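According to my numbering, the sequence shown holds residues 1 to 188 in order.
Following: one structure in structure tokens, then a few remarks.
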Amino acid sequence: MSTYALNPALKILIVTNSLILLAGAMLGPIYALFVDDIGGSLLDVGWAGGVYALVAGITIYFSGRLSDKVKERELLVVAGYAILGVGFLLYLLVDSIWMLLITQAVIGFGEATYTPSFDALYSKNLNKKRAGSGWGAWEAMYYFTTAAGAILGGVIAHTYGFTPLFIIMAALCLISATYIYLLPRQAL
């Protein structure tokens, strides 16, 4: 293992996860506007957030247990990223609050599918003497992608509408999933 805080495996995990976080952040600040566009209210925004968190909370417990049992955790990361991509594409079909809730459930499921395996892989690849630096790098990436995603999402939705935004969000997830899937298994 490298003596640096970020070895090649951590760099791969940070870059691919940054695309996922960027995608999610693109919708965050303007989500209520989207819900309003489909005829929803602020109460519906709350219900959608609740469904997402409930599904993620239930799923993450079981995906964490599964992560401890599987040989190739990176495949759970791939699956979660792909499910997120599908979930973001489902936004294209949302024309009612019920479809919004289903979409939020899929996104919560995808998020919870990848997170424990991602965290386990990230922790496994940390330089134990520089764990703070390693996690600091991930946390910095999280905030930078959140900032960039919020701005980009607003610009894209304002300029081109929600449809291109959802396609871009899905593409970022599917690119990350494909990249990790094509890596040699010993890379992570």
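Each residue gets a CB set at the ideal place from its N, CA and C atoms; glycine is no exception.
No experiment lies behind these values; they were computed from the predicted model shown.
Candidates the options: closest to residue i by CA position
| i | options | result |
| --- | --- | --- |
| G110 | Y31, L54, G40 | L54 |
| Y114 | V70, L93, G136 | V70 |
| A150 | Y31, L101, D37 | Y31 |
| Y179 | T16, K129, Y52, G136 | T16 |
| Y91 | S18, G161, R73 | G161 |
| I175 | L84, N7, L66, T59 | L84 |
Reduced DSSP secondary structure (H/G/I, E/B, other) of residue i
| i | result |
| --- | --- |
| E72 | coil |
| S96 | coil |
| M1 | With a pLDDT of 46 at M1, under the threshold of 50, the predicted position of this residue should be treated as unreliable, though the coordinate-derived value follows. Residue state, collapsed to three classes: coil. |
| N7 | coil |
| I102 | helix |
| L174 | helix |
| L19 | helix |
| L182 | helix |
| L13 | helix |
Sequence-distant residues of the same chain with beta carbon closer than 7 Å to residue i, five excluded per side
| i | result |
| --- | --- |
| A9 | N125, A187, L188 |
| M1 | Note that M1 scores 46 on pLDDT, short of 50, meaning its location in the model is unreliable; the coordinates nonetheless yield the value given after this. Closer than 7 Å at Cβ, skipping near neighbours: N7, N127. |
Close-in-space but distant-in-sequence residues of the same chain around residue i (CB under 8 Å, 5 per side omitted)
| i | result |
| --- | --- |
| L100 | V35, I38, G40, D44, A48, V94 |
| L165 | M26, L27, G153, I156, A157 |
| V86 | V106, G110, A170 |
Pairwise C-alpha distance: residue j and residue i
| i | j | result |
| --- | --- | --- |
| A82 | G50 | 22 Å |
| G80 | W138 | 19 Å |
| P184 | I97 | 42 Å |
| L76 | S117 | 6 Å |
| G46 | Q104 | 11 Å |
| I102 | R130 | 41 Å |
| A140 | I168 | 23 Å |
| V78 | L19 | 13 Å |
| I12 | E74 | 12 Å |
| S67 | A147 | 30 Å |
Residues near residue i in its chain [Cβ-Cβ closer than 6 Å; skip 5 each side]
| i | result |
| --- | --- |
| G108 | Y52, V55, A56 |
| A177 | V78, Y81, A82 |
Going residue by residue through the segment 118 to 170, where are the continuous alpha helix (DSSP H) segments of at least 4 residues, counting only ones entirely within it?
131 to 160
Which whole runs of the beta strand (DSSP E) in the segment 23 to 90 are 3 residues long or more, in chain order?
none
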